[in-house]
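S.K.: This is the structure I want to talk about, given as structure tokens.
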């Protein structure tokens, strides 16, 4: 069966290069460590916070604060999984072995997605528990309403970021170009749009802002976001599906 | 058997491959010859389904490449030594290829042994020398024990021992009844390995012939003469009906093997000769003449003049 063969082959590929290990461990370590640091700061600053801030404090979301930085390592993981093939010339060897390009692309992305989900979910749970332990008396419990959804959602969010990056890297091929577009897209544009009230409403529909919603348990003050946690994740999934369709259309036609 | 039918590839305004039609038959080594930029690599990439032809078709044992189930079992290719992720070990590189085509792991060890890389199988490919990289590429081509093998410039940059090894490998693969298709821009290399020649220039087919025929038709002989009295000798030869023409460096050249007759004529008319030597035009020169009109980038000095036969 061709698909299982491709999946086995891609699993061998992904586990036999160093970049897989360092990007994924960096994603986990940065997310957990930064989340712990922010949780620690929040606990120490608790008494100087306004009553309103205390009332709307979201301990779960606070422990995920490291994800804003950890997602960058996830982006690098997603980009390298695909663009390694192009930057080394391996793509020609790979496509000569598997000329069914759809099977090749989705086999590769499926394997990398599975791995990203395993690491993302573990990271999310770890960030949550480490964060809550640090927050002490202000912490949330995994049994609280919406918390488990937020923690699993954190893993899904990191996975979707990686898949989106894989799809974009397939379209752009080169690692530098892909990172040069994805990094600012997730790190700058979202923040810039959110800072101006006129564009704020557009920014909400960007994949990272929409996807972020799944990790919130306590909605922020004056929240008028037109979608809920799953709606937000759905918007992010639409972005990812669109990028995957683009990647498929491009790899199907392009000379290797 | 590879069948190429009207194969064409256009990049914008440039026609890289122009209606190529030829067959590559089993049991012999077929050389694919052409100057740099003639379209050899593009043609090979289209044969493997990597580049999409603008027009035309390639059939591998009667089927399109993308319709081959486990293609590595039909056709193995060495495209360039760089088709390897440098951070991956030789073993894992071959293993992932084997798995994608349902080839057992034991075969990976076999081909590593066959190309002499067993000792470095666990080392990362980026530490490999050019020769080792080429051996790894060939191991990948042999992985599926295919009936058809394709090598793009396999001896480029190799040391004499490596070149010798590849030549023998190609001959033994053909002797086993396999189809062997190998590209080169060096006629001398082809003369040593190929039984059949497909010559292209600027994407067009220039010759599709057996090596023996090519040698017979193209490797003609001539006589080189040096004399302090070239004008007189030219007159004498002209009178005798022998066509001579001036080559560079004060020498004259006469087509064919008429050395004795020229010597006798010179003696008869008491013309001093400093040299009278029968020459054999090399295949390299024959190839250059064949492709002279289609070389994409000429060195400064332009096209060699007709009758140019300097050794």
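Residue numbers (the numbering used here), protein chains in the order written: chain A, 4 to 259; chain B, 11 to 321.
Where is the CB? At the ideal position from N, CA and C, for every residue including glycine.
In chain order, what residues of the region 236-254 of chain B put their CB closer than 7 angstroms to some CB of chain A?
M.R.: none
S.K.: Do residue 211 of chain B and residue 44 of chain B come within 7 angstroms of each other at the CB atom, strictly closer than that value?
M.R.: Against a cut-off of 7 angstroms, the Cβ pair of residue 211 of chain B and residue 44 of chain B comes out as a contact.
S.K.: Using a beta-carbon distance cut-off of less than 8 angstroms, what residues from the region 88-99 of chain B approach chain A?
M.R.: 89, 90, 92, 93, 94, 95, 96, 97, 98 and 99
S.K.: Could you spell out where the beta strand (DSSP E) holding residue 190 of chain B opens and where it closes?
M.R.: 189-194 is the extent of the beta strand (DSSP E) around residue 190 of chain B.
S.K.: Taking its Cβ as the centre, do 16 or more other Cβ atoms sit within 10 Å of residue 263 of chain B, making it buried, or is it exposed?
M.R.: buried
S.K.: Please classify residue 132 of chain B as buried or exposed, where buried requires at least 16 neighbouring CB atoms within 10 angstroms.
M.R.: exposed
S.K.: Report yes if the C-beta distance between residue 146 of chain B and residue 111 of chain B is below 7 angstroms; otherwise report no.
M.R.: Not closer than 7 angstroms, so no.
S.K.: Comparing alpha-carbon positions, which option in A:28, A:179, A:91 and A:59 lies nearest residue 226 of chain A?
M.R.: A:59
S.K.: Between the C-alpha atoms of residue 137 of chain B and residue 190 of chain A, what's the straight-line distance to the nearest angstrom?
M.R.: 36 angstroms
S.K.: Look at residue 105 of chain A and residue 158 of chain A and say whether their C-beta atoms are less than 7 angstroms apart.
M.R.: no
S.K.: Counting only Cβ pairs nearer than 9 angstroms, list the residues of chain A close to residue 166 of chain B.
M.R.: Those within 9 angstroms of residue 166 of chain B in chain A number zero; the least Cβ separation is about 15 angstroms.
S.K.: Mind listing, in chain order, the continuous beta strand (DSSP E) runs of no fewer than 3 residues lying wholly within the region 187-241 of chain B?
M.R.: Complete beta strand (DSSP E) runs here, min 3: 189-194, 206-211, 214-220 and 231-236.
S.K.: Considering only their Cβ atoms, is the gap separating residue 42 of chain B from residue 193 of chain B smaller than 7 angstroms?
M.R.: yes
S.K.: Helix, strand or coil for residue 295 of chain B, going by three-state DSSP, please let me know.
M.R.: helix
S.K.: For residue 64 of chain B, which of helix, strand or coil comes out of DSSP?
M.R.: Three-state DSSP puts residue 64 of chain B in coil, outside helix and strand.
S.K.: Under 9 angstroms between beta-carbons, which chain B residues line up against residue 98 of chain A? List them in chain order, please.
M.R.: Against chain B, a Cβ distance below 9 angstroms from residue 98 of chain A picks out 58, 59 and 60.
S.K.: Run down chain B in chain order and give the residues with a C-beta less than 8 angstroms from the C-beta of residue 93 of chain A.
M.R.: 93, 94 and 95
S.K.: Check distances from the C-beta atoms of the region 101-132 of chain B to those of chain A and list, in chain order, the residues that come in under 7 angstroms.
M.R.: Under the 7 angstroms Cβ criterion, the region 101-132 of chain B contributes 102, 105, 106, 107, 109, 110, 111 and 112.
S.K.: Which chain B residues are close to residue 11 of chain A, counting only those with a beta carbon under 7 angstroms from its beta carbon?
M.R.: 109
S.K.: Quick one: measure Cβ to Cβ for residue 70 of chain B and residue 158 of chain B, integer angstroms, because I've assumed they're closer than 8 angstroms.
M.R.: Beta-carbon to beta-carbon, residue 70 of chain B and residue 158 of chain B are separated by about 7 angstroms, close enough to satisfy the 8 angstroms threshold.
S.K.: For the region 19-39 of chain B, enumerate the residues whose C-beta is nearer than 7 angstroms to any C-beta of chain A, in chain order.
M.R.: none
S.K.: Skipping 5 residues on each side, what residues in its chain have a beta carbon closer than 6 angstroms to that of residue 218 of chain B?
M.R.: 32 and 208
S.K.: Does any residue of chain A have a CB that is nearer than 7 angstroms to the CB of residue 82 of chain B?
M.R.: Taking 7 angstroms as the threshold, the shortest C-beta distance from residue 82 of chain B to chain A falls below it.
S.K.: Quick check: the region 147-161 of chain A against the region 57-72 of chain A, are there 3 or more CB pairs under 8 angstroms?
M.R.: Yes, they touch.
S.K.: Give the range of the beta strand (DSSP E) segment to which residue 160 of chain B is assigned.
M.R.: 158-162
S.K.: Hey, quick one: how far does the beta strand (DSSP E) through residue 265 of chain B stretch, first residue to last?
M.R.: 261-265
S.K.: Please list, in chain order, the residues of the region 16-31 of chain A that have any C-beta partner in chain B closer than 8 angstroms.
M.R.: 16, 19, 20, 21 and 22
S.K.: Might you give, ordered along the chain, the residues of its own chain that have their beta carbon closer than 8 angstroms to the beta carbon of residue 143 of chain B, omitting 5 neighbours on each side?
M.R.: 91, 92, 94 and 135, listed in sequence order.
S.K.: Note down, in chain order, each residue of its chain lying with its Cβ closer than 8 angstroms to the Cβ of residue 17 of chain B, except the 5 sequence neighbours on either side.
M.R.: 27, 29, 30, 31, 53, 56, 63, 65, 66, 67 and 68
S.K.: Quick one: is residue 243 of chain B buried, meaning 16 or more other Cβ sit within 10 Å of its Cβ, or exposed?
M.R.: buried
S.K.: State yes or no: is the beta carbon of residue 316 of chain B nearer than 7 angstroms to at least one beta carbon in chain A?
M.R.: Bear in mind that a pLDDT of 47 at residue 316 of chain B, under 50, signals an unreliable position, so the number given afterwards is only what the model happens to contain. Chain A, which has no Cβ nearer than 7 angstroms to the Cβ of residue 316 of chain B, makes this no.
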